[in-house]
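Have a look at the structure below, then the notes.
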Amino acid sequence: MGTQPGFHARVRSLLRDQLLDAAAEITSERGWDGVTMSRVAARVGVSRQSVYNEIGSKDALAEAMITRETDRFLAGVSERLAAHPGDLGAGLGAAVDFTLRAAADNPLIKAVVSAAHGAADDLLPLVTIRPEPVLERAVAAVVKQVRTVHPDLTLAGPGADTLTSLVEVVARLTLSHLVQPTAAIEQAVRQVRWIVDSVLAGRGH
1 MGTQPGFHAR VRSLLRDQLL DAAAEITSER GWDGVTMSRV AARVGVSRQS
51 VYNEIGSKDA LAEAMITRET DRFLAGVSER LAAHPGDLGA GLGAAVDFTL
101 RAAADNPLIK AVVSAAHGAA DDLLPLVTIR PEPVLERAVA AVVKQVRTVH
151 PDLTLAGPGA DTLTSLVEVV ARLTLSHLVQ PTAAIEQAVR QVRWIVDSVL
201 AGRGH
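Following full-length UniProt numbering, the numbering of the sequence shown begins with 1 at its first residue and continues without gaps.
And the structure:
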């Protein structure tokens, strides 16, 4: 009997992942406007009520889907930062390069970004306007990883936490390039390196 709660938690986690997978697939195929709880339920093989019970509203489904995708990207970002323990600029540059290239090949991100170019879609504000699902989550995760990889890093700046401000600038720049790409990915990486190197040049020791 002691294993019962753990088993149920695993089953619910599996169902949630399947529901989010189904929602992402339908979004990629039809756009977010084409996602309904009935379609998600039919693709997974459960009742519509099961979708509501596990996820909640359609808005909650959107946020859960985007949050999960953000976490997947952040795992790759953490790997890039860890691969450059002696060079914060190189690590953040590699993280931006990874993010933009992976996003360009990601069907869900393509569906979201298409709204910036005229397609109707309610997911775009989760990426560009509301800070919680993407921006705040990304900044917190990257700051934590940078502090792990560069424990002795000190930055001089106008605020109490210059590192957080720097990471937020990089994150906002990355989102801008993702949603409205105006130059090659290499140019975005050069911009990030320039910003980071400028901040590093002003730090005090």
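Virtual Cβ for every residue (Gly too), placed ideally from N, Cα, C.
- Determine the burial state of residue 8: buried for a count of at least 16 other Cβ atoms within 10 Å of its Cβ, exposed for fewer. As a working mapping, residue 8 is identified with position 8 in the sequence shown. Exposed, since its Cβ has fewer than 16 Cβ neighbours within 10 Å.
- Query: Less than 8 Å separating the beta-carbons of residue 113 and residue 175?
  - Reply: Numbered from its first residue, the sequence shown carries residue 113 at position 113. Numbered from its first residue, the sequence shown carries residue 175 at position 175. Contact flag unset, no.
- Message: Assuming the contact rule is C-beta atoms closer than 8 Å, residue 20 and residue 68 should be a hit. Round their C-beta distance to whole Å, please.
- Response: Within the sequence shown, the letter at position 20 stands for residue 20. Within the sequence shown, the letter at position 68 stands for residue 68. That pair is a contact at about 6 Å.
- Task: Leaving aside the five residues before and after residue 24 along the sequence, list all residues of the same chain whose C-beta is less than 8 Å from its C-beta, in chain order.
- Result: In the sequence shown, the residue the question calls residue 24 occupies position 24. Cβ within range, chain order: 65, 69, 107 and 108.
- residue 125 to residue 141, Cα distance in whole Å? Residue 125 sits at position 125 when you count from the first residue of the sequence shown. Residue 141 sits at position 141 when you count from the first residue of the sequence shown. Whole-angstrom Cα-Cα distance: 21 Å.
- Taking the alpha-carbon positions, what's the residue 93 to residue 110 distance? For the purposes of this step, residue 93 is taken as residue 93 along the sequence shown, with counting starting at 1. For the purposes of this step, residue 110 is taken as residue 110 along the sequence shown, with counting starting at 1. Cα to Cα, the separation comes out at about 22 Å.
- Item | Three-state secondary structure assigned by DSSP to residue 57 | For this step, residue 57 is matched to residue 57 along the sequence shown. The answer is coil: DSSP assigns residue 57 none of H, G, I, E or B.
- Message: Which runs of the alpha helix (DSSP H) at least 4 residues long sit entirely within the segment 56-106? Give them in chain order.
- Response: 58-82 and 88-104
- Query: When we look at the beta-carbon of residue 148 and count the other beta-carbons within 10 Å, is it buried (16 or more) or exposed?
  - Reply: In the sequence shown, residue 148 corresponds to position 148, counting from 1. Exposed, because fewer than 16 other Cβ atoms sit within 10 Å of the Cβ of residue 148.
- Message: Quick check on the burial criterion: 16 or more other C-beta atoms within 10 angstroms. Buried or exposed for residue 56?
- Response: Position 56 of the sequence shown, counted from the first residue, corresponds to residue 56. By the 10 Å Cβ count, residue 56 comes out exposed.
- Query: For residue 169 versus residue 146, is the C-beta distance shorter than 8 Å?
  - Reply: Numbered from its first residue, the sequence shown carries residue 169 at position 169. Numbered from its first residue, the sequence shown carries residue 146 at position 146. Not closer than 8 Å, so no.
- Assign residue 27 to buried or exposed, taking buried as 16 or more other Cβ atoms, counted over all protein chains shown, within 10 Å of its Cβ. Start at 1 with the first residue of the sequence shown, and residue 27 comes out as number 27. Residue 27 is buried by the Cβ-count criterion.
- Query: Are there 16 or more other CB atoms within 10 angstroms of the CB of residue 88, so buried, or fewer, so exposed?
  - Reply: Sequence index remark: in the sequence shown, residue 88 carries index 88 (1-based). Residue 88 comes out buried.
- Message: Distance check for residue 195 and residue 201, CA to CA, integer angstroms please.
- Response: Mapped onto the sequence shown, residue 201 falls at position 201. Mapped onto the sequence shown, residue 195 falls at position 195. Approximately 10 Å, taken between the alpha carbons.
- Item | Residue range of the unbroken alpha helix (DSSP H) whose run includes residue 140 | The sequence position of residue 140 within the sequence shown is 140, counting from 1. From DSSP, the alpha helix (DSSP H) with residue 140 extends over 137-149.
- Message: Using the Cβ count rule (16 or more neighbours within 10 Å means buried), how would you classify residue 34?
- Response: Within the sequence shown, numbered from 1, the residue matching residue 34 stands at position 34. It is exposed - the Cβ of residue 34 has fewer than 16 other Cβ atoms within 10 Å.
- Message: Taking the alpha helix (DSSP H) that residue 194 belongs to, which residues open and close that run?
- Response: On the sequence shown, position 194 is the one that residue 194 refers to. Its alpha helix (DSSP H) spans residues 185-201.
- Return the chain-ordered list of same chain residues with a C-beta closer than 7 Å to the C-beta of residue 84, the five sequence neighbours on each side being excluded. Position 84 of the sequence shown, counted from the start, is the residue given in the question as residue 84. Excluding positions up to five away in sequence, the list reads 90, 91 and 94.
- Applying the criterion that 16 or more other CB atoms from any shown protein chain within 10 Å of the CB defines a buried residue, is residue 182 buried or exposed? Taking the first residue of the sequence shown as position 1, residue 182 is located at position 182. Exposed.
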